[in-house]
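Written below as structure tokens is the structure these notes are about.
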Amino acid sequence: MSAPTEMEGVAPSTNGVASISAKRKAVDHLDGDSSDDLPLQARVRTKTVDAKKKPKVEPSDGDSDAVNSRRRSTDSKRRAAAKRKLSSEDSGAENSSEDTDESENFSESDSDAPLAKRAKSKSAGKKRASNGNVSSKSTAKRKREEMAKDGTDASLERSNSSKSEPKIKEEKESKPAPKLKKVKVESESDDSAVSRPKPASKKSKPPLKKEVKDEPNGSVSGTPQKKARGKKKAEEDEEEDEQYKWWLQQQGDTSEKWKSLEHNGVFFPPPYKPIGVKMKYDGREIDLDPEAEEVAGFYAQLVGTEWVENPTFRKNFFEDWLAVLAKSKKSHPIKSLEKCDFSPLTEYYAKIRDERKSMTKEQKEASKAEKLALDEKYGWALIDGRKEKIGNFRIEPPGLFRGRGAHPKAGRLKKRVMPEQVVINIGADAKVPDPPGGHQWCEVVHDNTVTWLAYWKENVNDAFKYVFFAAGSSLKGQSDLKKFEKARDLKKHVRKIRNDYQAGLKDELMATRQRSTAMYFIDRLALRAGNEKGEDEADTVGCCSLRYEHVTLAPPNKVIFDFLGKDSIRYYNEVEVEDQVFKNLKIFKKPPKKEGDPLFDRLDTTILNKHLQNYMKGLTAKVFRTYNASHTFQEQLQNTPKDGSLPEKLLAYNRANREVAILCNHQRSVPKAHGNQMEKLKNKVRALKYERRKIREQILELDPKRKRKTEYAEESDLDEDWIEQHEKFLEEQEKERLAKKLEKENERRKEEGEELLTHLDPPVKKTPSLDRLEDQFEKINERIKAQKLAMVDKDENKTTALGTSKINYIDPRISVMWCKKYDVPLEKVFNKSLLTKFKWAMETPGDWEF
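Numbering-wise (my numbering), the sequence shown opens with residue 238 and increments by one.
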């Protein structure tokens, strides 16, 4: 069934997030070149000083009489200027009430005041101005009295306009202003800088955000871009202060996930456009209709990969393609996949890929802008008035299902999802996003007990696909915290649970023995519980669904597990178990049981989880896996060397992570590029050793006596051939660097109308001092040591995937505590996405433990 062409270019209405932001109107800002237009860091609060006390200026070591003389001259000029200003302001006070009010606003330490406070200050100033000249006169008089009392020109400089700005800078050198409050601005992810509605002051804050956001270059309309950046930074600082820290507000029943929810729906992939390229069958070109051509294109793009070599993949694809061809209005002779020649289509799509790779800078920027526009419209939602990131708002495009491992449905056609299949979840008072033209939603619901925004059912596995908030959102964070807290609570009950299943290993009731034996494996080996699978699903198993052939017994007490776990990853483990466990397994495998029969024939995951609920609310077999992963990680981190270098500490961290990955069977085959990566690391070490050799030669030239010391011995693994090759590489590298520098310099000269250069000479290097060389020698030793540790780490982790356990099973607060304890930057163990996902863990108190 071909997709309707009306869908192309048609998107849900801009109601929701976009319409809300569009309704915000800009308000008046303070006029003139005031300090409010400057970045926070550039604003200066002057300090009034008692007239009797002279400000102390501590001269630096380089101060001279001439400098001090200039300072005295500057101070006297300042006082004279202040007197002139007093007289001029006295005469002009009656004619300039507006200027006086504006200066009064800025005398309130405007640089540190919140936006809402500034708005109030401005309105108060306007109110005073409306009283006429009397207010202006009294204001001017009061200012003169204050300045006479203080003996400084601070208020004058604050109320003055651009003429007094240089004086502020001069005074900054001799009289330090109070420090501005420092606010940490997180730049780790896009959603940390998102503007969101503030409940405090609706008049001042939203319009400011709107103004900054509307201009593509980040500047406010009608004002210089530099000033706009200052305002934007002020908003980011203020927003960071008011960040929604949901983890400090956890209380009571959390069944209600939100009170209001607005979003713009989902984005559908564009309909297929015929490409005009014909495939061949038995040497003849075949004319296909668009839907059949699209499916043929899916297969053509995979030619040359391992997928098309998979018999199951080929069989499933051909069956589904024939079903599409059967609905075609055009006749075709296709009956055998072996006679099909997809090479014209394959060449076409290869050309498209090459064109995409060779896009110009302008094309890449246009493509990026298009993606950003989509993300701005569909990638955000308003939940309880807060703007939060959505995980994936795109409907999955049609294609060929691949699956993980040896999936029996690999190659099946994933059909195009239509709006009539999509259920939308949105607030009852929010506008429902419009579906593409000519279509309607399957259903619109207002369920605030769930966190999904939309879902549909895909055709291959009859599984539901959901649109959720992003990993760094408050709802996902609450879910993660709840998961890890539940695993942490298990610590209170685990001793009783273990005592009970140990006793149950000898129970007379066979069902109890089987349940206790399964719990033993789930607890000790972190096995997944496992669910029953249909015949058309991948043959993957867990503990409760183990079959006769998956467990081999080797007396006296060794058990060999060999089965396909989740994602068809092989689980192979030889473990020694307790005598009673070994005895039970012998009983469970007794005839008439044979291959294909379940090992635990009186147990399933439902029975097991129902039993676990008796110990703790919400306890399932999966919680054991999270608990054991986090507990193991915390224990293994105790092997961190207290006085070790940063690379040594990170190696200990990754080794602890690897123990958890092995426990959870997060195994992988050795990557194809592993050998090349290791060789690159070896070459990095050799290059550093070559650099160390050159430094050594310079040191020995200055101090030949050091030749006897072992640390200045020759490098053992640098042969002459490698050195010659490396020196040629360095020469070429230097030529390329000079060529780029020459090109850049000539571009500058061309713009300024200067004569172009024909070549650049390499800079003449001076021989450093002996102390400098020794310092370089020590630093390069540390770099070599760090690279060697990186090689060890990479080689040790070649068959384990560390990321899965770190994301899903290890409590992030353990990593935060470890980083604090050993003074390791968190960015060394958490990438950008994890820093965003686990923001809630960053403020964990120092005495916390799992």
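Built from N, CA and C at the ideal position, the CB exists for glycine as well.
In whole angstroms, what is the alpha-carbon distance linking residue i and residue j?
i            : j            : result
residue 607  : residue 872  : 48 Å
residue 334  : residue 672  : Unreliable positioning characterises residue 334 in this predicted model, as indicated by a pLDDT of 40, which lies under 50. The coordinate reading is nonetheless provided below. Looking at the two C-alpha atoms, the distance is approximately 57 Å.
residue 755  : residue 511  : 56 Å
residue 1013 : residue 963  : 20 Å
residue 733  : residue 860  : 16 Å
residue 503  : residue 683  : 16 Å
residue 929  : residue 1017 : 6 Å
residue 258  : residue 495  : Residue placement at residue 258 is poorly supported in this model, since its pLDDT is 39, which falls under 50; the coordinates still yield a value, given next. Between residue 258 and residue 495, the C-alpha separation is close to 20 Å.
residue 868  : residue 587  : 49 Å
residue 901  : residue 1042 : 8 Å
residue 576  : residue 814  : 56 Å
residue 589  : residue 634  : 18 Å
residue 978  : residue 988  : 16 Å
residue 740  : residue 751  : 12 Å
residue 252  : residue 615  : Below a pLDDT of 50, predicted positions are generally treated as unreliable, and residue 252, at 37, falls in that range; the measurement from the model is reported next regardless. The straight-line gap from Cα to Cα measures roughly 11 Å.
residue 566  : residue 524  : 11 Å
residue 360  : residue 623  : With a pLDDT of only 41 at residue 360, under the threshold of 50, the placement of this residue in the model should not be trusted; the figure read from the coordinates follows. Going by the C-alpha atoms only, they are around 28 Å apart.
residue 580  : residue 520  : 11 Å
residue 263  : residue 613  : Only weak support is given to the placement of residue 263: the predicted model assigns it a pLDDT of 38, under 50, and the question is left unresolved by the model.
residue 675  : residue 685  : 29 Å
residue 792  : residue 753  : 21 Å
residue 570  : residue 529  : 13 Å
residue 536  : residue 907  : 28 Å
residue 667  : residue 630  : 18 Å
residue 679  : residue 652  : 17 Å
With which residues is residue i paired in a DSSP beta bridge?
i            : result
residue 809  : 799
residue 618  : 625
residue 877  : Beta-bridge pairing links residue 877 to no other residue.
residue 701  : 694
residue 636  : 651
residue 498  : 620
residue 785  : Answer is none; residue 785 lacks a bridge partner.
residue 1089 : No statement about residue 1089 is possible, as the shown extent of the chain runs from 238 to 1087 and does not include it.
residue 641  : Its beta-bridge partners do not exist; DSSP assigns none.
residue 631  : 504
Can you name the start and end residues of the beta strand (DSSP E) that residue i belongs to?
i           : result
residue 625 : 623-626
residue 789 : 788-791
residue 545 : Looking at the DSSP string, residue 545 is not in any beta strand (DSSP E), and its letter there is neither H nor E.
residue 734 : Segment 731-741 is the alpha helix (DSSP H) holding residue 734; no beta strand (DSSP E) there.
residue 661 : 660-662
residue 680 : 680-682
Inspect the beta-carbon positions of residue i and residue j and report whether they are closer than 8 Å.
i            : j            : result
residue 656  : residue 501  : no
residue 649  : residue 553  : yes
residue 785  : residue 834  : yes
residue 757  : residue 818  : yes
residue 891  : residue 1068 : no
residue 1063 : residue 1053 : yes
residue 778  : residue 798  : no
residue 620  : residue 704  : no
residue 1059 : residue 711  : no
residue 760  : residue 642  : no
residue 931  : residue 1024 : no
residue 776  : residue 794  : no
residue 1022 : residue 884  : yes
residue 700  : residue 662  : no
If I follow the unbroken alpha helix (DSSP H) through residue i, where does it start and stop?
i            : result
residue 530  : 527-537
residue 1045 : 1039-1045
residue 821  : 816-825
residue 523  : Looking at the DSSP string, residue 523 is not in any alpha helix (DSSP H), and its letter there is neither H nor E.
residue 1024 : 1007-1033
residue 726  : 711-726
residue 758  : 747-762
residue 848  : 842-849
residue 1049 : 1049-1059
residue 1069 : 1069-1074
Can you determine whether any heavy atom of the ligand PLP sits closer than 7 Å to the C-beta of residue i, and answer yes or no?
i           : result
residue 796 : Among the ligands in the structure shown, none appear at all, so the ligand PLP cannot be discussed.
Worksheet entry | Every unbroken alpha helix (DSSP H) within the segment 570-606, with a cutoff of 4 residues, ordered by chain | 580-594
Item to complete: Give, in chain order, every unbroken run of the alpha helix (DSSP H) that is at least 4 residues long and sits entirely within the segment 893-967.
Response: 911-939
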